[in-house]
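**Student:** Residue numbers (my numbering), protein chains in the order written: chain Z, 278 to 453; chain V, 278 to 453. Let me give you the structure first, and then I'll get to my questions.
Number of protein chains: 2
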Amino acid sequence: MPKKRVLPYILLGLINNQTKMSGYQISQEFNHEIGEFWHASHSQIYPELQRMISDGWIEPDDAVKDSKSIFYLITPNGKNVLKEWLSEPLSEKDDLFSLKLYFIKDQDSPLLKNLVQQQLQINSEHYLHLLSRKKLVFSDESKVRDNYGHSLILNRAIEREHNHINWLKNTLDDLK
Amino acid sequence: MPKKRVLPYILLGLINNQTKMSGYQISQEFNHEIGEFWHASHSQIYPELQRMISDGWIEPDDAVKDSKSIFYLITPNGKNVLKEWLSEPLSEKDDLFSLKLYFIKDQDSPLLKNLVQQQLQINSEHYLHLLSRKKLVFSDESKVRDNYGHSLILNRAIEREHNHINWLKNTLDDLK
DNA sequence: ACCCACATGTAAGACGTTACATGATTCC
DNA sequence: GGAATCATGTAACGTCTTACATGTGGGT
């Protein structure tokens, strides 16, 4: 199976969030908030927008007659595509958790709880995996001495997972 | 300036860590510890090893006459290249901190303290940046309600930076 | 008139993935 | 002898980056 593309869904999500966006505005977005989680250059964005038009996900807004910018609107079909993407199960590999959360505006959306629960599951398994690797690879102090940098980042990774799991649990409680 | 490649330095670091490795062994490594931070498929690794030979970074170990595997050793030149890469200033963009730590075996290496200090600087700046974005974008509660998912991950990102900074500070103290 | 920010687009090349291909060894 | 694993390599393709290219509009 070919690897699932992410960029078109991000563009869809951005247009959906703001109701109406130009290619230039989208490319600027990656310098701000969404830039924490993803990046795309304008040379990627413009052709992608054309593809999305031909797929019927978005359409140019003919109401605005600006000599410079072209604004795009999401179509009903596009709204469905976005919702389906947001509903797809998270994978441990590509880590789309934060990105997808960014596109959920409503506190009461069932997608929200769903995403947090899935991520909690993924992180819990990963946490246990890291603990077992630590036990295996750093079974005694001499191994730590001989691979000190490695032992540092493994401990850091374990702590990070621990923190993330706690945050996810707290967030889940707040959502209930 | 062309974007700096990472893969060859990882291969160099792996070979250096283990003294001697075959392409197959390297590809297996990405299924284990180093896989937390990077991945490469065998179809990338084999040609890369050839390039590294022609650059004089590594050399095949002729002492081992295995009908299957080809083992590679790091050259003195390769050792220098690796050390220089580890000494290059960290950038906020590509986040090579964990990866580079992985290749530092000695607790007393000056590179260790150097890396932690650099990363501390980067994370501290990023932390302040996130706080200012939060103040700007979520200036009142209605903005939070209207972009709930976004506010969640922004708060999560702030907490994560905070945790990471604390860990870096503690680690730095331990190193002194 | 000139410069700069805005705005959109195309082309070439680097990098990485999946798929294709081949051969040796080990285990049953 | 057949299957699975070990081991190396090439080919085709998709994605993303950098560079090239063009035009508009506002400020001085």
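Cβ atoms here follow ideal geometry from the backbone N, Cα and C, with glycine treated the same way.
Could you check the C-alpha separation between glutamate 365 of chain V and valine 358 of chain V for me, to the nearest Å?
**Tutor:** Mapped onto the second sequence, residue 365 of chain V falls at position 88. Mapped onto the second sequence, residue 358 of chain V falls at position 81. Cα to Cα, glutamate 365 of chain V sits roughly 11 Å from valine 358 of chain V.
**Student:** Indicate the three-state DSSP secondary structure (helix, strand or coil) for glutamate 438 of chain V in the structure shown.
**Tutor:** For the purposes of this step, residue 438 of chain V is taken as residue 161 along the second sequence, with counting starting at 1. Reduced to three states, the DSSP call for glutamate 438 of chain V is helix.
**Student:** Using a Cβ-Cβ distance cut-off of 7 Å, determine whether glutamine 384 of chain V contacts chain Z.
**Tutor:** Along the second sequence, one-based indexing puts residue 384 of chain V at 107. It does; some Cβ of chain Z falls within 7 Å.
**Student:** Within 7 Å of any Cβ in chain V, is that where the Cβ of isoleucine 318 of chain Z sits?
**Tutor:** On the first sequence, residue 318 of chain Z is found 41 positions in, with the first residue counted as 1. Sequence check: residue 318 of chain Z is serine here, not isoleucine. With 7 Å as the cut-off, serine 318 of chain Z does not count as an interface residue toward chain V.
**Student:** Give a yes or no on whether the C-beta atoms belonging to asparagine 391 of chain V and glutamate 438 of chain V are separated by under 7 Å.
**Tutor:** Start at 1 with the first residue of the second sequence, and residue 391 of chain V comes out as number 114. Start at 1 with the first residue of the second sequence, and residue 438 of chain V comes out as number 161. Not a contact, by the Cβ cut-off of 7 Å.
**Student:** By Cβ distance below 8 Å, which residues in the same chain neighbour phenylalanine 314 of chain V in space, the five residues on each side in sequence not counted?
**Tutor:** Here residue 314 of chain V refers to the residue found at position 37 of the second sequence. Within the same chain, phenylalanine 314 of chain V has close Cβ partners Ser375, Leu376, Tyr379.
**Student:** When the Cα atoms are used, what is the spatial distance from glycine 355 of chain V to glutamine 327 of chain V?
**Tutor:** On the second sequence, residue 355 of chain V is found 78 positions in, with the first residue counted as 1. On the second sequence, residue 327 of chain V is found 50 positions in, with the first residue counted as 1. If you take the alpha carbons of glycine 355 of chain V and glutamine 327 of chain V, they lie about 14 Å apart.
**Student:** Does the beta-carbon distance from tyrosine 425 of chain V to glutamine 384 of chain Z come in below 7 Å?
**Tutor:** Residue 425 of chain V sits at position 148 when you count from the first residue of the second sequence. Residue 384 of chain Z sits at position 107 when you count from the first residue of the first sequence. Taking 7 Å as the Cβ cut-off, tyrosine 425 of chain V and glutamine 384 of chain Z qualify as a contacting pair.
**Student:** So, glutamate 336 of chain V versus leucine 350 of chain V, is the Cβ gap smaller than 7 Å?
**Tutor:** Counting from 1 along the second sequence, the entry for residue 336 of chain V is found at position 59. Counting from 1 along the second sequence, the entry for residue 350 of chain V is found at position 73. Yes; because the gap between Cβ atoms is below 7 Å, this pair is in contact.
**Student:** In this structure, how does DSSP classify isoleucine 399 of chain Z when only helix, strand and coil are distinguished?
**Tutor:** The residue labelled residue 399 of chain Z in the question sits at position 122 within the first sequence. In this structure, isoleucine 399 of chain Z counts as helix in the three-state DSSP scheme.
**Student:** So what does DSSP say about isoleucine 381 of chain V, is it helix, strand or coil?
**Tutor:** In the second sequence, counting from the first residue as 1, residue 381 of chain V sits at position 104. Three-state result, isoleucine 381 of chain V: coil.
**Student:** Using DSSP with H/G/I as helix, E/B as strand and the rest coil, what is isoleucine 351 of chain Z?
**Tutor:** For this step, residue 351 of chain Z is matched to residue 74 along the first sequence. Of the three classes helix, strand and coil, the one that applies to isoleucine 351 of chain Z here is strand, per DSSP.
**Student:** I believe isoleucine 322 of chain Z touches glycine 300 of chain Z by the beta-carbon criterion, under 8 Å. Please report the beta-carbon distance rounded to the nearest angstrom.
**Tutor:** As a position in the first sequence, residue 322 of chain Z is number 45, starting the count at 1. As a position in the first sequence, residue 300 of chain Z is number 23, starting the count at 1. About 5 Å; that satisfies the 8 Å criterion.
**Student:** Pull the bridge partners of proline 337 of chain V from the DSSP assignment, please.
**Tutor:** Translated into positions along the second sequence, residue 337 of chain V becomes position 60. Partner(s): V:Tyr349.
**Student:** Nearest CA to the CA of aspartate 338 of chain Z: which residue from Z:Glu369, Z:Ile292, Z:Ala317, Z:His316?
**Tutor:** Translated into the one-based positions of the first sequence, residue 338 of chain Z becomes position 61. Among Z:Glu369, Z:Ile292, Z:Ala317, Z:His316, the Cα nearest to that of aspartate 338 of chain Z is on Z:Ile292.
**Student:** The alpha helix (DSSP H) spanning asparagine 293 of chain V covers which residue range?
**Tutor:** On the second sequence, position 16 is the one that residue 293 of chain V refers to. First-last of the alpha helix (DSSP H) with asparagine 293 of chain V: 284 to 295.
**Student:** Taking only the alpha-carbon atoms, compute the straight-line gap between isoleucine 381 of chain V and glycine 312 of chain Z and give it to the nearest angstrom.
**Tutor:** Counting from one through the second sequence, the residue named residue 381 of chain V turns up at place 104. Counting from one through the first sequence, the residue named residue 312 of chain Z turns up at place 35. Near 31 Å, if we compare the C-alpha coordinates of glycine 312 of chain Z and isoleucine 381 of chain V.
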